[in-house]
């Protein structure tokens with residue numbers, strides 16, 4: 012992908028392992044004034060960032076309740092939560108499209124955020140629940156003996172200790188929301204609201220008559236490289252969080 016991104020448009024099908032010569036024409040085309048790819052990156056950042064934030068807020072509280080509080084059918088609730096992740100998301104596109112059309116949400120951020128949130132929450136709740144169950148109850152009880160309320164013990168003791176699991180969940184959720192395509196394609200038809208993945212599918216080439224392979228590869232590099240860097244930098248925390256959360 013990187014090699015194709017730096018080939019000239021007329022050299023896309025060359026068999027050489029490296030571009031000869033190197034060219035930035037595809038990158039220039041990606042960020043051309045009429046393409047609007049920069050705005051698409053902003054849209055992707057807003058959707059992925061908001062989805063991640065909401066997933067963490069809802070997921071942390073839900074997982075804490077499932078892991079720490081005692082109530083009837085707790086395991087059944089957790090089973091239902093994880094079972095919803097097996098539901099094919101694409102089957103919800105048409106009902107959601109009709110619903111969002113009726114309430115005027117087409118071409119809005121919330122039309123992309125809410126479906127992504129519903130798909131991300133089951134895995135987040137499951138992973139965080141398993142992580143919270145690994146934390147000793149004695150730490151929370153000791154804090155409450157020292158005068159902390161349950162909320163204070165949760166905020167000052169449990170959340171900091173659960174940081175690896177929360178961080179792992181955040182990374183996984185952000186990557187999934189960043190790469191999401193079907194929802195963004197279905198719920199948005201205005202150029203100004205396209206996410207980066209949808210924008211890539213609309214590229215026509217560095218010039219009007221070119222094949223789009225070069226520009227699509229260049230845009231793919233722009234979209235993918237930041238995620239690769241994040242995963243490489245934080246891979247130990249991600250693995251540690253997944254391992255701890257998956258022990259049960």
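Numbering (the working numbering), first residue to last: 12 to 259.
Glycine included, each C-beta is placed from N, C-alpha and C at the ideal position.
Taking residue 189 as part of the alpha helix (DSSP H), name the residues at either end of that continuous run. 174-190
Curious, which full-length alpha helix (DSSP H) runs of at least 4 residues does the region 127-161 contain? 148-156
Fully enclosed by the region 81-130, which alpha helix (DSSP H) runs are 4 residues long or longer? 85-95, 104-113
Just to confirm, are residue 51 and residue 188 a CB contact at a threshold of 8 Å? no
For residue 133, which option in 88, 236, 48, 16 has the closest C-alpha, if you only look at C-alpha atoms? 88
Alpha helix (DSSP H) segment containing residue 50, residue limits: 48-79
Boundaries of the alpha helix (DSSP H) in which residue 231 is found, first to last residue: 224-244
Less than 8 Å between the C-beta atoms of residue 1 and residue 16, yes or no? The first residue shown for the chain is 12 and the last is 259, placing residue 1 beyond what the model contains.
Alpha carbon of residue 242 to alpha carbon of residue 103, nearest angstrom: 30 Å
Opening and closing residue of the alpha helix (DSSP H) in which residue 199 lies: Segment: none, residue 199 is in no alpha helix (DSSP H) and carries neither H nor E.
Secondary structure of residue 167, DSSP reduced to three states: helix
For residue 41, I'd like the list of residues in its chain whose CB is within less than 8 Å of its CB, leaving aside the five on either flank, ordered along the chain. 48, 214, 226, 229, 230, 233
Tell me whether residue 208 sits in a helix, a strand or coil according to DSSP, three-state version. helix
How would you label residue 93, buried or exposed, when you count the other beta carbons within 10 angstroms and need 16 or more for buried? exposed
Exposure label - residue 29; buried when at least 16 CB within 10 Å: exposed
From what residue to what residue does the alpha helix (DSSP H) around residue 15 run? 13-16
Determine, using beta carbons only, whether residue 184 and residue 62 come nearer to each other than 8 Å. yes
If you draw a straight line from the alpha carbon of residue 239 to that of residue 247, how long is it in whole angstroms? 14 Å
Should residue 33 go down as buried or exposed, given a rule of 16 or more other Cβ atoms within 10 Å for buried? exposed
Below 8 Å CB to CB, which residues in the same chain sit around residue 46 once its five sequence neighbours on both sides are set aside? 40, 210, 214
Run through DSSP, which three-state label would residue 217 get? In this predicted model, residue 217 has a pLDDT of only 48, less than 50, meaning its place in the structure is not dependable; the value taken from the coordinates is given anyway. Coil, per DSSP.
Residue 20 burial status per 10 Å Cβ neighbour count (16 or more: buried): buried
Can you tell me where the alpha helix (DSSP H) with residue 35 in it begins and where it stops? Unbroken run through residue 35: none, as it is neither H nor E.
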